[in-house]
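K.L.:
First the structure, then my questions, so here it is.
Chains as they are written, first to last, in the numbering used here: chain A, -15 to 238; chain B, 2 to 436.
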């Protein structure tokens, strides 16, 4: 589904991704872990098409298409979804209106008729239950004044409405207490199928207790330095990121 | 300009001012001041960015109210909700009773020529309020309207009456054959405990040049509530100077929303004079302009007594070669302790040739007050745009969504549903936004 080869990217003059290789197949859950500044969020941003980053080398193929050639909106329409680490507040746009516009723009791209109001409402009610989000919240301005948990639930709600083929969760656990974390993770799990894939980006292992990965990759200084099964996350949790440095033969700061 | 002076001189010499003392005095003073000052040029501090002299430097006819405008013409531009409104039609500046449609009874709403009001039971109100704006605007264009004040209209909302039917005021210039300069003048009295909503729109019929130089003075008494909505959506050959001067003489609440969509050169003066303690004044504006439209909003809030609240928010979306000017003055006089005065002006420029000049001016003579002001000029937020795009919303639709969201903060202040919807519709079309 997604094939990343030797991906290199920078922001302004700073090299951040220095050759990423990653293959994701339908039905798989991949986790990318790494210390702060390793390039985790950059990878998510580059895949979603944020303009601040410049890809200097490598390729990304998504369902047979050159992802890097597509505009951010076309990537979404092809089935890429990024759950933001910091969802944006947009006063004056209700979540309902926003999601409806998004759903219909995607349908238009796929040559489908816009969804009528009744069908949309029905779908919305059904998907709201997945993340335990209520109607009143969705009628309010998008993310404006939402708590951290509400923002993240809203991200997963949007994901549920847009039904992506590849969901990228960028530090979705940050700022969440354990109850909110569980709700968000359950939502993600319910949306999992044999046809879609999930890429979970996280600093901590605890999210992976709830969203169990098939593969764990450790990103360090812009490269994937180690890949393993879900047990790698536990090892990392136990030993801390210093063990990676040791394995790489780097000096560990006292 | 000299032609304009001759025109006015000639006109005034033919008028008889018999029996209306304060009107005559105001008109004569206006003419004198106009002769002395002329039309303000950009050398005048208050007119630095707005060149009305260029617009007025043509042959203008001061066409009288008697034109061939018919009820059928009026039909063309009636605003939504008119079925339940009092419709006041002004033709070339003069109130036209036959074309107007007054639904409220006279025990709620009184409409009289100023020349009559100055003689009867409203004499003290007229004498005490007419021309009050001249103390704040000492330029020739204000003087010019004063010179014609004797043709104006007096409106009174009676004590304890909440007027069910909003007042829709249409200011029509009949520019089908000649360039028309009109000078509408109103004095609106909102009595104790009364409530009224007023909607104003300028309309030019025909393709010659049109200039409306209007003054509306509003006196608001104890416990009264007033909503003022202005809709400005004209062609490039229609220009105006509109002065709205509100005196809150009792504890009262006044909301004003000014929507500017297009036109030639547009200057709005909006003054709030808070003469009683504990007044509330809300001033909102949205200008969504393109082409060569020039819109200038000059506002004054003059806090004279303690404990008042004024809240001012003007937002602008400026495209193509359009220009916007915002100047917000807030005075807090020595006695006006515990004043809360907020002001904000936010602008989004959509083209490289769009211009905005914004200037807040605070003069505070009291020591225990809360005042804030701020202005922003920018483009759409890239982060917000990316967020929408990352959900599959195309660049164009995303921009429309964000611009509409920017505008809605002002639109939702219009508490007259048919008007709010009407304006929202125009804005949405302008921005290619689907409601």
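All residues carry an ideal CB built from backbone N, CA and C; glycine is no exception.
Smallest Cα separation from residue 86 of chain A: which of B:256, B:275 and B:393?
P.N.:
Considering only alpha carbons, the answer is B:393.
K.L.:
Please confirm if the region 298 to 315 of chain B is in contact with the region 327 to 347 of chain B, defined as three or more CB-CB distances below 8 Å between the two stretches.
P.N.:
The answer is yes - the region 327 to 347 of chain B touches the region 298 to 315 of chain B, with three or more Cβ pairs under 8 Å.
K.L.:
What did DSSP end up calling residue 156 of chain A once you bin it into helix, strand or coil?
P.N.:
Coil at residue 156 of chain A, not helix or strand.
K.L.:
Determine, using beta carbons only, whether residue 68 of chain A comes closer than 8 Å to chain B.
P.N.:
Taking Cβ atoms only, chain B reaches closer than 8 Å to residue 68 of chain A, which makes this a yes.
K.L.:
Could you tell me whether the region 226 to 233 of chain B touches the region 199 to 212 of chain B, where touching means 3 or more Cβ pairs closer than 8 Å?
P.N.:
The answer is yes - the region 199 to 212 of chain B touches the region 226 to 233 of chain B, with three or more Cβ pairs under 8 Å.
K.L.:
Does the beta carbon of residue 402 of chain B come closer than 8 Å to any beta carbon on chain A?
P.N.:
Closer than 8 Å to some Cβ of chain A, the Cβ of residue 402 of chain B qualifies, so yes.
K.L.:
Whose C-alpha, out of B:301, B:348, B:237 and B:304, is nearest the C-alpha of residue 287 of chain B?
P.N.:
It is B:348.
K.L.:
For residue 133 of chain B, which residues of its own chain have a beta-carbon under 7 Å away from its beta-carbon, when the five flanking residues on both sides are left out?
P.N.:
Hits under 7 Å: 218, 246 and 248.
K.L.:
Could you list which residues in chain B have their beta carbon closer than 9 Å to that of residue 142 of chain A, in chain order?
P.N.:
Simply 392.
K.L.:
Is it true that the CB of residue 83 of chain A sits closer than 8 Å to the CB of residue 143 of chain A?
P.N.:
No, the pair does not count as a contact, with Cβ atoms beyond the cut-off.
K.L.:
If you draw a straight line from the alpha carbon of residue 238 of chain A to that of residue 51 of chain A, how long is it in whole angstroms?
P.N.:
Per-residue confidence for residue 238 of chain A stands at a pLDDT of 45, beneath the threshold of 50, marking its modelled position as unreliable; the derived number appears in the next sentence. About 42 Å.
K.L.:
Going straight from the alpha carbon of residue 124 of chain B to that of residue 31 of chain B, what length do you get?
P.N.:
Computed Cα separation, rounded: 20 Å.
K.L.:
Any Cβ of chain B within less than 8 Å of the Cβ of residue 76 of chain A?
P.N.:
Judged by the 8 Å Cβ criterion, residue 76 of chain A is in contact with chain B.
K.L.:
Identify whether residue 371 of chain B lies in helix, strand or coil by the three-state DSSP scheme.
P.N.:
Strand at residue 371 of chain B.
K.L.:
If we call anything under 8 Å between Cβ atoms a contact, is residue 125 of chain A one with residue 75 of chain A?
P.N.:
Going by C-beta atoms, residue 125 of chain A is nearer than 8 Å to residue 75 of chain A.
K.L.:
Look at the alpha carbon of residue 104 of chain A and the alpha carbon of residue 418 of chain B, and state the distance between them as a whole number of angstroms.
P.N.:
One C-alpha to the other measures close to 26 Å.
K.L.:
Taking Cβ positions, are residue 204 of chain A and residue 29 of chain A nearer each other than 8 Å?
P.N.:
No.
K.L.:
Under DSSP, the alpha helix (DSSP H) around residue 23 of chain B begins and ends at which residues?
P.N.:
Where residue 23 of chain B is concerned, the enclosing alpha helix (DSSP H) stretches over 22 to 38.
K.L.:
How many Å lie between residue 26 of chain A and residue 110 of chain A at the Cα?
P.N.:
One C-alpha to the other measures close to 33 Å.
K.L.:
Note down, in chain order, each residue of its chain lying with its Cβ closer than 7 Å to the Cβ of residue 51 of chain B, except the 5 sequence neighbours on either side.
P.N.:
Taken in chain order, the residues that qualify are 266, 268, 295, 297 and 326.
K.L.:
Assign residue 238 of chain A to one of three DSSP states: helix, strand, or coil.
P.N.:
With a pLDDT of 45 at residue 238 of chain A, under the threshold of 50, the modelled position of that residue is not reliable, and no figure is offered here.
K.L.:
Chain B partners of residue 124 of chain A, CB-CB under 7 Å?
P.N.:
Within chain B, no residue comes near residue 124 of chain A; the closest Cβ sits about 13 Å away, beyond 7 Å.
K.L.:
Does residue -12 of chain A come within less than 8 Å of chain B when only Cβ atoms are used?
P.N.:
Not an interface residue.
K.L.:
Can you have a look at residue 137 of chain A and say buried or exposed, based on whether 16 or more other CB atoms are within 10 angstroms of its CB?
P.N.:
Burial call: buried.
K.L.:
Between residue 89 of chain B and residue 97 of chain A, what straight-line distance do the alpha-carbon atoms span, to the nearest angstrom?
P.N.:
Cα to Cα, residue 89 of chain B sits roughly 46 Å from residue 97 of chain A.
K.L.:
Pick helix, strand or coil for residue 284 of chain B, following the three-state DSSP scheme.
P.N.:
The answer is strand: DSSP assigns residue 284 of chain B an E or B state.
K.L.:
In the structure shown, what three-state DSSP assignment does residue 56 of chain A receive?
P.N.:
Three-state DSSP puts residue 56 of chain A in a helix.
K.L.:
Check the Cβ-Cβ distances between residue 430 of chain B and every residue of chain A, and say whether any is below 8 Å.
P.N.:
No - not a single Cβ of chain A is within 8 Å of the one on residue 430 of chain B.
K.L.:
What number of angstroms, rounded off, separates the C-alpha of residue 199 of chain A from the C-alpha of residue 342 of chain B?
P.N.:
Rounded to whole angstroms, residue 199 of chain A to residue 342 of chain B spans 59 Å at the Cα level.
K.L.:
Along the chain, where does the alpha helix (DSSP H) that runs through residue 129 of chain B open and close?
P.N.:
Run containing residue 129 of chain B: 124 to 130, per the alpha helix (DSSP H) assignment.
K.L.:
Quick check: the Cα distance between residue 13 of chain A and residue 64 of chain A, rounded to an integer number of angstroms?
P.N.:
Distance between the alpha carbons of residue 13 of chain A and residue 64 of chain A: 14 Å.
K.L.:
Taking contact to mean at least 3 C-beta pairs separated by less than 8 Å, is the region 35 to 46 of chain B in contact with the region 154 to 166 of chain B?
P.N.:
Result no; under three Cβ-Cβ pairs closer than 8 Å.
K.L.:
Three-state secondary structure (DSSP) at residue 17 of chain A?
P.N.:
Residue 17 of chain A: strand per DSSP, three-state reduction.
K.L.:
Quick one: any contact between the region 43 to 61 of chain A and the region 168 to 181 of chain A, if contact means 3 or more CB pairs under 8 Å?
P.N.:
No, because fewer than three Cβ pairs between the region 43 to 61 of chain A and the region 168 to 181 of chain A fall closer than 8 Å, the two stretches do not touch.
K.L.:
Indicate whether at least one CB of chain A lies closer than 8 Å to the CB of residue 433 of chain B.
P.N.:
Residue 433 of chain B does not count as touching chain A.
K.L.:
When you compare each of B:367, B:351 and B:156 to residue 431 of chain B by their alpha carbons, which one comes out closest?
P.N.:
Of the candidates B:367, B:351 and B:156, the one whose C-alpha sits nearest the C-alpha of residue 431 of chain B is B:351.
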